[in-house]
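Chemist: Just so you know, the protein sequences line up as chains C and Z, in that order.
The working numbering numbers the first residue of the first sequence as 63 and each following residue consecutively.
The working numbering numbers the first residue of the second sequence as 2 and each following residue consecutively.
First the structure, then my questions, so here it is.
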Amino acid sequence: MIHVENVSKTFTLHNQNSAVIEVVSRANLAVQSGECVALTGVSGSGKSTLMRMIYGNYLAASGQITVGGVDVVHASPREIIALRRHTLGYVSQFLRVVPRVSTLDVVAEPLLRVGTPETQAHERASDLLARLRIPEALWQLSPLTFSGGEQQRVNIARGFAHHFPVLLVDEPTASLDGTNRDTVLALIEEAKARGAAILGIFHDAAARERVCDREIDVSGFKAP
Amino acid sequence: MMQDEPLFAASGLSKSYGTHVGCRDVSFDLWPGEVLGIVGESGSGKSTLLNCISGQLEPSEGDVLYRTQDEGMKSTQAMTEPELRKLRRTEWAFVHQNPRDGLRLSVSAGGNVGERLMAIGARHYGDIRNSASEWLERVEISTARIDDRPSTFSGGMQQRLQIARNLVTHPRLIFMDEPTGGLDVSVQARLLDLLRSLVRELGLSAIIVTHDLAVVRLLADRLMVMRGGSVVEQGLTDQVLDDPQHPYTQLLVSSVLMP
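Next up, the structure:
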């Protein structure tokens, strides 16, 4: 479902003497359906950059990225939007939402966007929020007022609401307590079981051990 | 499903005022359900561009095409004045930065909403009043205020009334000039949420001009960055904001204060 071939990324900082920073060089990887693959490597080795290129958030400098049959490097914005709506989900570390929108609506939104009826979308959102132990009293409030750990769980609920065939997860268990960490790992296992291809960054070695089938060390994708 | 034809297209649009360039060689396509953001600092030509594409200003060069219900893609220059006027009253809508430019202040709130319906031939008073109160509720204005004049409303309420007035005829395309400018931050958030759900529920296409990068991040699918009348960069909104390629976009993005 995810194919990355010879992908490189450089950043040119035009306003800082046109400094050129090479972050990823000649990256190659593939993730199949039903498989969870971990990206490893020290901080700054380009794990997040690689994930962002696969999501279409960063432009690859060269190489080929295909997700669910879509050529991400050359796709038009509306093709990427359609890909993200139906096929490619991304659980980032940060929650970015319109202020004052209720938590329940934030979680249900990806479902509404693919045309799920509102009642059904809200049911699924409620299930996920309950599983992730967000107290029901908070569901009608904006998550922007929540603690860091709560915001992260809302973000996870939102990411797993629609059954994306391809999922990118960035540190999904960081800053979670044991029980919630278990729930998140169970969600990943369920996604795998229904055939999702998952690529993730996990600093938590035990979590990686439990859900990941393979590891890819990103430090290898650097210019010699 | 991907539709093969855009709803709206601009090709090679330029507008000059004597030797001064308003905008230069701007081209883009807009598909149904898509929100396009146009950002740039004041004087970058974004308002000139918006006025040209929305038919309020005659471009010096280039063409604007719109997919009409009967004839498919048609140049707005090939349309007669009555055709254009009808389009602006029905399928297109324009939300001004200052609600006073888009409302009739001497007419009641209900009258402001009903007027657009009457312009397209609605005559039954009860139906018009029902539609008006339904739209007031939708934009969170109490129906108890239906007979009050907008001059007695706050800025945020006036802006929501302007949106109700524009959307009552179910347009397919809405142009917005700094729709959240001049509003308190808390009111902005509510308006953003309203616009997002309306776009999703009604399948509207929208073109939004703003200088506020946070607003486009939340509302726009695609972004065009303008400087000195030209488009210097365009693409997927989050990609342009998170991985800007042009020196000017990099400067613009890095100059924003984070709260």
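For every residue, glycine included, the Cβ atom is placed at its ideal position computed from N, Cα and C.
Using CA coordinates, which residue listed in Z:Leu193, Z:Ala207, Z:Leu203 is at the minimum distance from valine 216 of chain Z?
Modeler: Z:Leu193
Chemist: Whole-angstrom Cβ separation of valine 104 of chain C and serine 281 of chain C, contact assumed at under 8 Å?
Modeler: 7 Å
Chemist: Can you find a C-beta in chain Z that's less than 8 Å from the C-beta of isoleucine 142 of chain C?
Modeler: yes
Chemist: Using a threshold of 8 Å, state whether the C-beta atoms of glycine 151 of chain C and phenylalanine 208 of chain C are closer than that.
Modeler: no
Chemist: When you compare each of Z:Ser45, Z:Gly44, Z:Thr77 to leucine 58 of chain Z by their alpha carbons, which one comes out closest?
Modeler: When only C-alpha atoms are compared, the closest one is Z:Thr77.
Chemist: Checking contacts by CB at 8 Å: is proline 60 of chain Z closer than that to chain C?
Modeler: no
Chemist: Return yes when the Cβ of glutamine 155 of chain C is within less than 8 Å of the Cβ of aspartate 266 of chain C, no when it is not.
Modeler: No, these two residues do not count as a Cβ contact at 8 Å.
Chemist: For the structure I just gave you, are there three or more beta carbon pairs, one from the region 255–270 of chain C and one from the region 169–177 of chain C, closer than 8 Å?
Modeler: no
Chemist: Is glycine 118 of chain C buried or exposed, if buried means 16 or more other CB atoms sit within 10 Å of its CB?
Modeler: buried
Chemist: Ends of the alpha helix (DSSP H) at alanine 255 of chain C?
Modeler: Start and end: 240–255.
Chemist: Return no unless some Cβ of chain C is closer than 8 Å to the Cβ of proline 248 of chain Z.
Modeler: At least one chain C Cβ lies under 8 Å of proline 248 of chain Z.
Chemist: Using a beta-carbon distance below 8 Å, is leucine 157 of chain C in contact with chain Z?
Modeler: no
Chemist: Measure the alpha-carbon distance for isoleucine 175 of chain Z versus alanine 165 of chain Z and round it to whole angstroms.
Modeler: Cα atoms of isoleucine 175 of chain Z and alanine 165 of chain Z: separation of roughly 12 Å, rounded to the nearest angstrom.
Chemist: Rounded to the nearest angstrom, what separates asparagine 167 of chain Z and valine 232 of chain Z at their Cα positions?
Modeler: 28 Å
Chemist: By the DSSP assignment, the alpha helix (DSSP H) with serine 198 of chain Z in it spans what residues?
Modeler: 186–203
Chemist: Please identify, using Cβ separations under 8 Å, the residues of the region 114–129 of chain C that lie next to chain Z, in order along the chain.
Modeler: Correct list: Arg114, Gly118, Asn119, Tyr120, Leu121.
Chemist: Can you list, in chain order, the residues of its chain with a C-beta nearer than 8 Å to that of isoleucine 278 of chain C? Leave out the 5 residues immediately preceding and following it.
Modeler: Around isoleucine 278 of chain C: Leu91, Val99, Ala100, Leu101, Thr102.
Chemist: Measuring alpha carbon to alpha carbon, tell me which of Z:Ser55, Z:Glu138, Z:Gln189 ends up nearest leucine 219 of chain Z.
Modeler: Z:Gln189
Chemist: Three-state secondary structure (DSSP) at lysine 284 of chain C?
Modeler: coil
Chemist: Taking CB distances under 8 Å as the criterion, tell me whether alanine 190 of chain Z reaches chain C.
Modeler: yes
Chemist: If you follow the alpha helix (DSSP H) that leucine 191 of chain C is part of, which residue opens it and which one closes it?
Modeler: 180–193
Chemist: In or out: methionine 225 of chain Z buried (at least 16 other Cβ within 10 Å) or exposed?
Modeler: Buried is the call here.
Chemist: Determine whether the beta carbon atoms of leucine 47 of chain Z and methionine 227 of chain Z lie at a separation below 8 Å.
Modeler: Reading off the sequence, residue 47 of chain Z comes out as lysine, not leucine. Closer than 8 Å, so yes.
Chemist: Give me the chain Z residues within the contact set of arginine 175 of chain C, using Cβ-Cβ distance strictly less than 8 Å, ordered along the chain.
Modeler: Arg201
Chemist: Pairs of beta-carbons, one from the region 34–50 of chain Z and one from the region 76–93 of chain Z, closer than 8 Å: are there three or more?
Modeler: No, the region 34–50 of chain Z is not in contact with the region 76–93 of chain Z.
Chemist: Please confirm if the region 177–188 of chain Z is in contact with the region 112–129 of chain Z, defined as three or more CB-CB distances below 8 Å between the two stretches.
Modeler: no
Chemist: From the beta carbon of proline 234 of chain C, is the nearest beta carbon of chain Z less than 8 Å away?
Modeler: no
Chemist: So is aspartate 185 of chain Z in contact with chain C if we call contact Cβ pairs under 8 Å?
Modeler: no
Chemist: With a threshold of 7 Å, establish whether the CB of proline 60 of chain Z neighbours any heavy atom of the ligand FAD.
Modeler: Looking for the ligand FAD in the displayed structure turns up nothing, as the structure carries no ligands at all.
Chemist: Here's a check: name, in chain order, each residue in its chain whose Cβ is nearer than 6 Å to the Cβ of alanine 219 of chain C, leaving out the five neighbours to either side.
Modeler: Val169, Leu190, Leu191, Leu194
Chemist: Excluding the five sequence neighbours on either side, which residues of its own chain have a C-beta within less than 6 Å of the C-beta of arginine 270 of chain C, listed in chain order?
Modeler: Ala100, Phe264
Chemist: Buried or exposed, going by whether 16 or more other CB atoms sit within 10 Å of the CB of methionine 2 of chain Z?
Modeler: With a pLDDT of only 44 at methionine 2 of chain Z, under the threshold of 50, the placement of this residue in the model should not be trusted; the figure read from the coordinates follows. By the 16-neighbour rule on beta-carbons within 10 angstroms, methionine 2 of chain Z is exposed.
Chemist: So, does the CB of glycine 204 of chain Z fall closer than 8 Å to a CB anywhere in chain C?
Modeler: no
Chemist: Taking the DSSP output, what are the residues bridged to valine 176 of chain Z?
Modeler: Sequence inspection shows phenylalanine at residue 176 of chain Z; the valine mentioned does not correspond to that position. Its beta-bridge partners are Z:Phe95, Z:Ile208.
Chemist: Bridge partners of isoleucine 39 of chain Z, per DSSP?
Modeler: Z:Val210, Z:Met225
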